[in-house]
Amino acid sequence: MGFHAGDYDVIVIGAGHAGCESALAAARMGCETLLLTINLDMVAFMPCNPSVGGPAKGHVVREIDALGGEMGRNIDKTFIQMRMLNTGKGPAVHALRAQADKFLYQHSMKETIENTPKLTMRQGLAEDLIMEDGSCVGVVTKTGAEYRSKTVVLTTGTYLRGKVILGELMYESGPNNQQPAIKLSEALKRNGLQLARFKTGTPPRIHQDSIDFSKTEIQPGDANPKYFSYETEYMAHSEEQLPCWLTYTSEETHQIINDNLHRAPMFSGLIEGTGPRYCPSIEDKIVRFADKPKHQIFLEPEGRNTKEYYVQGLSTSMPEDVQLNILRSIPGLEKAEMMRTGYAIEYDAVVPTQLWPSLETKVVPNLFTAGQINGTSGYEEAAGQGVMAGINAARKAKGLEPVIIDRSKGYIGVMIDDLVTKGTNEPYRLLTSRAEYRLLLRHDNADLRLTPTGYEIGLITEQRYQKFLEKKARVEEEINRLKETKFRPDEAVQAMLAEVGSTPLNNSIDGLTLLRRPEISYGNLEKIAPSPIELSNDIKEQVEIQIKYAGYIEKQQLQVDRMEKMEKKRIPDNIDYDIIHGLAMEAKQKLGKIRPLSIGQASRISGVTPADLSILLVHLEHYNRVTAAAHSS
Amino acid sequence: MNEDTIAAIATALGEGSIAVVRVSGPAAVDTVAKVFKSKQDLREVASHTVQYGWIIDPHNGNVLDEVLVTVMKGPRSFTAEDVVEVSTHGGIVAVKSVLELIVRHGARLAEPGEFTKRAFLNGRIDLSQAEAVIDLIRSKSDRAFQIARKQADGSLSKQIIPMRQKLIELLAHVEVNIDYPEHDVEDVTADLIRDHCGSALLQVQQLLNRANEGKILREGIMTVIVGRPNAGKSSLLNALARENKAIVTDIPGTTRDIVEESVSISGIPLRLLDTAGIRETSDKVEQIGVERSHGALNDADLILLVLNHHEPLHEDEKKLLEQLKDRPTIVVINKIDLPGELEISEVEQDYAKERIVYLSAKEGNGIEELEKAVSGLFFSGAVESDDITYVSNARHISLLHQTKCSLEDAINATYEGVPIDLIQIDIAASWESLGQILGDAAGDSLLDQIFSQFCLGK
C-alpha cells in the first residue's frame, strides 16, 4: 500500500501563511525541507480580508522580517495600498497596514518558495503521522506516500475537519470550497492530542461594476508609503495605489437581519464552534449591540487585475438569499452583484497548552504546530508562529536548543506565551493591549529587538546584519552628539522656538533636553545643528523616539529587568510537582499540566499564587543544592 | 538575586515594650535613611552598630517615634542581604506608622514568610530546614489569604470596585482607539481622562485622609458582642466606646443590625460589632438579623457574651454558652446594679474565672475589669494576634498611595501633550494597584470589558 517517498529533515504540512514561513525558515537554515499542501494553487492564499498588518498584527510582520521571515518582503512587493495607522498616537502604536493584491501575493510567495534551495514543494493530503518509539518521524499522504523526517510542522489552518455553514446548509469543506483534511484530525487524537472546535467566517464578495461609489467615502493610501521589510528600499514600489471605500449599514439592513435571525446558524444552534469576539458576524453585532444605528462597511479591492471587492464588516453565515438582501440594503450596494457568498467555517484546533514554548507538542515529540491549529486567527498571527515553529523544528532536527522570544522582545513572544501558558477558549487575535511592555515593542524597533536573533540562527544574511549594526551605531552616535550639543539662547534658536510655539531659552541647554519638549521635533533641531554625516529617515526617527520617550521607556525597561530574573530561573523538565510538599492542590495540577520552563512562566499561570511560587523556589534551591552536593562528592 | 527591598513588622504584636520593623534588600539602608534623623547619616555608619534617633516623616516633619536603628550589612545578616532593624516603642500604633512610612519610601511589604525564604535562598538556612521554611510560607500565606477574604466584602472594597469599574471603562475605550483606529468610536479626549482620573483621585485622597486620621477601615481584632435582646449589648458598646474614645463612629457599608465601633484597649485595637440579639424567632426580618449575627460569630477573633444578671438563664443563652466555650470568649454579666436572678454556677462550669466579668454598663462599673480580661486573653495568645491584619492595612495604604501617584501622573501627562498610549500606562497602573487591594476579588479582564463595551470586528 504505502511507499517510501523521501527523507527530509523537516516536513511542513500546509502552505498557508504559517506553513510558508515554517518551510522557508527551515530550508534557509540548511534543512532539507518538504512543504506538503492539499492544493498548490492555494499557497499563501488569503481566504478572508485582502489585507496585512494593523495594530499588533503589523508589528508582528515587522518582527517576522527582523527575524528573516518572508511576509514583510512579500507584501511590500504586492500591496495595492499602504497606510500608517495611529499616527496621532505614540510611536509604539503606529501601525502599518497594507491592502494586498491577494492573487499577486500568492504568486509571489509561491515563486519565492520554488526558488529556495533545499525546499521541495509537493501537492498532497497528509492523513497520518508516522510514529516510532512515541515520536513523530514523518507523515503518510492519501496516495500512500510515506515521507520521513526528523521533525514535522503542522499548519492545517481551517482545513482540519473543516465544515462550511451557510444558512441551513452545512457541508465538509476547507476554506473557499477546498478539500478538507478529515483523517489527520483522527490521527492527532489517537496520538493523545486534545482538540477544540473553533469557528470563523468571511463576508460576501461583490463585483466592482455593481457598486455605486458616489454613495461611499473614499479611503486613500498614504502619499509616501512606508514598507514592512527593513530590506525594502525607500520608494521601491511607487505604482499607483488603489483606494478603499466606506459605507454603512442602514435601518433596512438591521430589519432584514432581525427578520431572518431564525435562519442564522449562529442562533439556530447549527454552529458548535466558538467564534472570535474580534471579528463577529454582522448578525452577531446587530443582536449584541441593538442600540447601534449603523455599522461601518469597508469596500476593499481584492487585487489589481480583478473586479472582486471584499465587503469588510459584513462577515455572515446567513442563507444566500438573505445575504443578497442585506447587501442591497446598504447605500452604494443597491445593485450589488454577489460573486462569492459569505460563510462560517468550523475546524479543529489543538488545545495550545499542550505545546512547549518552542511550539513542539508535549505528547508527540518532534511534532510542531503553528497558526490556526493552535487556536489563533489572522494571517500575521499564523505567520509569526510559522516562522518560530520552522526555526525550532530545524533546530531540533540539528540537535540544537529551541529559540524562544521573550514577552519583552516581541509580540510573537507575547502571543506564544499566552497560548502555551494560558490557552485560549476562542480564536486568539493579537491586540496591542496583550503586551505588558507595549512601549518597548514598537514597530520602529523590531530590528533592534530581533535581528541579532535572526542573525544568530542563520536567517539574516551577513550583509543585512552589517547594515543593521551600522544603523544601530549611527543611532547611538547621534543620540550622543545631541547630548553633547549645546543650544544657546541665540537668535536662530529663539526664532525656531517661537515658530513652533515653544518657550524661549534663558540658558543654554543640551539637545536631549530640548528634544524632550513635546512641540519640538528632530527636524527642528536638525535645522540648527545638523548631523555632520547624512542620516536616513529611519535613523532620525529612531533617535527622536528614543530621546522623546526615554522616561517612559526606562520605566518599562525596569519592569522587564525585574521580570527577567524570574524568567531566568529555569525549572528542570523532570520535576514532579505532586511530591512537592506545601504546594496547593490547584497549583500542583496547573503546573503539572503546563510544565512551565521558568518561574516567570509559572507566575503567569492562573491559579498559581505567590505563595506557591515561593515554595517552588525553595524547593528548586533545595533540589539544586542536593544535586550540587551529590556531584561534588 | 532579589533586588527589591522588603519590610515587615518582625515582632509579635503586643508582646514586650519594643516592636521591630525589619527591612531587607539592597536599598534597606537608603530607604530607612530617608526617614531616620540622627547625629550620623545612616548610610555612613559601620555595620552591626546601633544608632539612636527619630523616625520623621520627611513630607511634613512629623516625629513618629524615638527609635534605635540597627544596621547589618549582608552577607552577615539574617537574609544575607543588607538588613536594617528599627526598634520602636511597643504597642501597635508606633510600629505600624513606622512601617507605613518605610513602605512609602521605597520598600515593598514583605510577602508572608519572605524573610525566611530569602534567608534560605541565600544559603543562610540549612538545607535540612527546607521543609520547615515551606511550612512557614504556606501557613502564613493561608492565614493572610483568610484575612484578605474577610476583608474582601468590607466597605473599602465596596468603594474600590465602582472606582475600578470606571477606570476599566476608560482603559477599554483607550484600547479600542489604539487597536481599532478606523472604527467609528470617538477618540478619548484629555478632558475625559482628567474627568475620570480626577474623580478617582478624589476618592483615593479621601480614603487616604481617613487612613491618616487613624480611621483606616476594618482594623483591629474583630470583637463580636452577642447576647439576648436587651441583655445590654448596646449599652456595653457605648460604655466601651465612651471610656476609650471611639476611633471610628460611622463606617459606611455596615448594616443597621450590626453596629460597629473601633476602640483601643491597652493599645489593642478592637473592632466592636454589636449584633442583633440572638433568639429563636419566626419574624423574617429579625431572622435575617439573627443569621448575620451567627455569621459574625463565626468570623470573630474575640467574643463578648453578654448575660443579664437580673434574669435567669434562657435556653438561647445556654446554647450560646455551650457553643462558645472553646472560642476566645469572655462572659460579661451585665446589670449587676440590679438584683441577681442568674445561675452563675452554670456559667462557671465551662468558663474559668478570668473569663467572667461582672459589670454595669449603665453605671460604668466594672469596665476596667473587662479591659483587663480582654488584654489578658490577648497577651496569653488565646486571641490570634497575628500582625497580618495590620500589615494588610499598611499594604492597603501603600497601594492607595501608588494609585494616587499613577492617577496624578496620568492627569499631568494630559497637560503635557503625552500620547494616549503612554498615558494609558499610568491609568492601567492605577487600576492594577486598586486591584491588588481587592486581591482575589478583582475580576481582571480588560478584554472582556473591551468587547462588551464596544462593537468591533471586520
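Chains as they are written, first to last, in full-length UniProt numbering: chain A, 1 to 633; chain B, 1 to 458.
Don't be surprised by glycine CBs; every beta carbon is placed ideally from N, CA and C.
On a predicted model such as this, the values are computed, not experimentally measured, just so you know.
Within the continuous alpha helix (DSSP H) that includes Val-387 of chain A, where are the two ends?
That run of the alpha helix (DSSP H) goes 379 to 397.
Quick check on the DSSP output: what are the complete alpha helix (DSSP H) runs of length 4 or more inside the segment 498 to 583 of chain A, in order along the chain?
Complete alpha helix (DSSP H) runs here, min 4: 511 to 515, 522 to 528, 537 to 548, 550 to 568.
Tell me, to the nearest whole angstrom, how far the beta carbon of Ile-221 of chain B is from that of Arg-143 of chain B; I am working on the premise that it is less than 8 Å.
So it is not a contact: roughly 14 Å between Cβ atoms.
List the residues of chain E that Pro-112 of chain B touches, going by C-beta distances under 8 Å, in chain order.
The structure shown contains no chain E; its protein chains are A and B.
Expressed to the nearest angstrom, what Euclidean distance is found between the alpha-carbon atoms of Phe-198 of chain A and Met-71 of chain A?
Roughly 25 Å separates the two Cα atoms.
By the three-class DSSP mapping on this structure, what secondary structure does Ala-66 of chain A have?
Residue state, collapsed to three classes: helix.
Along the chain, which unbroken stretches of the alpha helix (DSSP H) at least 4 residues long are found entirely within the segment 275 to 328 of chain A?
If we require 4 residues or more, the alpha helix (DSSP H) runs fully inside the segment 275 to 328 of chain A come out as 282 to 288, 320 to 328.
Looking at the unbroken alpha helix (DSSP H) that takes in Thr-78 of chain A, where does it start and where does it end?
Segment 71 to 78, the alpha helix (DSSP H) holding Thr-78 of chain A.
Counting beta carbon pairs with one atom in the segment 332 to 352 of chain B and one in the segment 310 to 320 of chain B, are three or more of them shorter than 8 Å?
Counting Cβ pairs under 8 Å, three or more are found: they touch.
Considering Leu-597 of chain A, what are the terminal residues of the beta strand (DSSP E) in which it resides?
Element bounds for Leu-597 of chain A: n/a, residue is neither H nor E.
Report the residues of the segment 598 to 625 of chain A with a CB closer than 8 Å to any CB of chain B, ordered along the chain.
So the close ones are Thr-609, Pro-610, Ala-611, Ser-614, Ile-615, Leu-617, Val-618, His-619, Glu-621, His-622, Arg-625.
Quick check on the burial criterion: 16 or more other C-beta atoms within 10 angstroms. Buried or exposed for Lys-102 of chain A?
Buried, because 16 or more other Cβ atoms sit within 10 Å of the Cβ of Lys-102 of chain A.
With Lys-335 of chain B as the anchor, note down where its beta strand (DSSP E) starts and where it stops.
No beta strand (DSSP E) contains Lys-335 of chain B, which DSSP labels as neither H nor E.
For the putative contact between Gly-378 of chain A and Leu-430 of chain A, defined by C-beta atoms under 8 Å, what is the C-beta separation to the nearest angstrom?
With a Cβ gap of about 7 Å, Gly-378 of chain A and Leu-430 of chain A count as contacting.
Would you give the residue range spanned by the beta strand (DSSP E) that Lys-150 of chain A belongs to?
That run of the beta strand (DSSP E) goes 145 to 154.
Does the beta-carbon of Ser-419 of chain B have 16 or more other beta-carbons within 10 angstroms, so that it is buried, or is it exposed?
Correcting the residue identity first, residue 419 of chain B is Pro in this sequence and not Ser. Result: buried.
On the premise that Asp-350 of chain B lies in contact with Lys-325 of chain B, defined as a C-beta separation below 8 Å, what is that separation, rounded to the nearest angstrom?
Lys-325 of chain B to Asp-350 of chain B, Cβ: 4 Å. Contact.
Is the separation between the beta-carbon of Lys-215 of chain A and that of Pro-402 of chain A shorter than 8 Å?
In this structure, Pro-402 of chain A does not lie closer than 8 Å to Lys-215 of chain A by Cβ.
Chain B partners of Leu-515 of chain A, CB-CB under 8 Å?
The contacting residues do not exist; Leu-515 of chain A stays about 14 Å from chain B at best.
If the cut is a Cβ gap below 8 Å, which residues of chain B does Tyr-549 of chain A touch?
Under the 8 Å cutoff, chain B gives Leu-422.
Comparing the C-beta of Lys-292 of chain A with each C-beta of chain B, is any distance below 8 Å?
Yes, Lys-292 of chain A counts as interfacial toward chain B.
Less than 8 Å between the CB atoms is what I'm expecting for Lys-588 of chain A and Ile-605 of chain A, so what's the real figure, rounded?
Rounded, the Cβ-Cβ distance is 12 Å, inconsistent with contact.
Is the Cβ of Ile-134 of chain B closer than 8 Å to any Cβ of chain A?
Yes, Ile-134 of chain B counts as interfacial toward chain A.
Could you pull the start and end residues of the beta strand (DSSP E) that Cys-244 of chain A belongs to?
Unbroken beta strand (DSSP E) run through Cys-244 of chain A: 244 to 248.
Report the residues of the segment 70 to 102 of chain B with a CB closer than 7 Å to any CB of chain A, ordered along the chain.
Under the 7 Å Cβ criterion, the segment 70 to 102 of chain B contributes no residue.
If we count the other Cβ atoms within 10 Å of its Cβ and call it buried at 16 or more, is Leu-469 of chain A buried or exposed?
Label assigned to Leu-469 of chain A: exposed.
Within the same chain, show all residues whose beta-carbon is closer than 6 Å to that of Gln-436 of chain B, passing over the 5 residues directly before and after it, in chain order.
Excluding positions up to five away in sequence, the list reads Leu-399.
Can you tell me whether DSSP reads Thr-254 of chain B as helix, strand or coil?
Because Thr-254 of chain B carries a pLDDT of 34, less than 50, the predicted location of this residue cannot be relied on, and the following value inherits that uncertainty. Residue state, collapsed to three classes: coil.
Per DSSP, Gly-53 of chain A forms a beta bridge with which residues?
Answer is A:Arg-97.
Taking the C-alpha atoms as reference points, what is the distance between Ser-329 of chain A and Arg-277 of chain A?
Looking at the two C-alpha atoms, the distance is approximately 25 Å.
Grouping DSSP H, G and I as helix and E and B as strand, with all else coil, what is Ser-445 of chain B?
Correct three-state label for Ser-445 of chain B: coil.
Could you give the first and the last residue of the continuous beta strand (DSSP E) run that contains Glu-217 of chain A?
Where Glu-217 of chain A is concerned, the enclosing beta strand (DSSP E) stretches over 217 to 219.
What whole-angstrom Cβ distance do Glu-81 of chain B and Gly-25 of chain B have, given they're in contact under 8 Å?
Right, the Cβ-Cβ distance comes to about 5 Å (below 8 Å), so this counts as a contact.
Hey, could you find the ends of the beta strand (DSSP E) Asn-115 of chain A is sitting in?
That residue, Asn-115 of chain A, is in no beta strand (DSSP E); it is neither H nor E in DSSP.
According to the Cβ coordinates, are Leu-297 of chain B and Val-226 of chain B closer than 8 Å?
A contact, by the Cβ cut-off of 8 Å.
Tell me Asp-128 of chain A's beta-bridge partners as DSSP assigns them.
Paired residues: A:Val-140.
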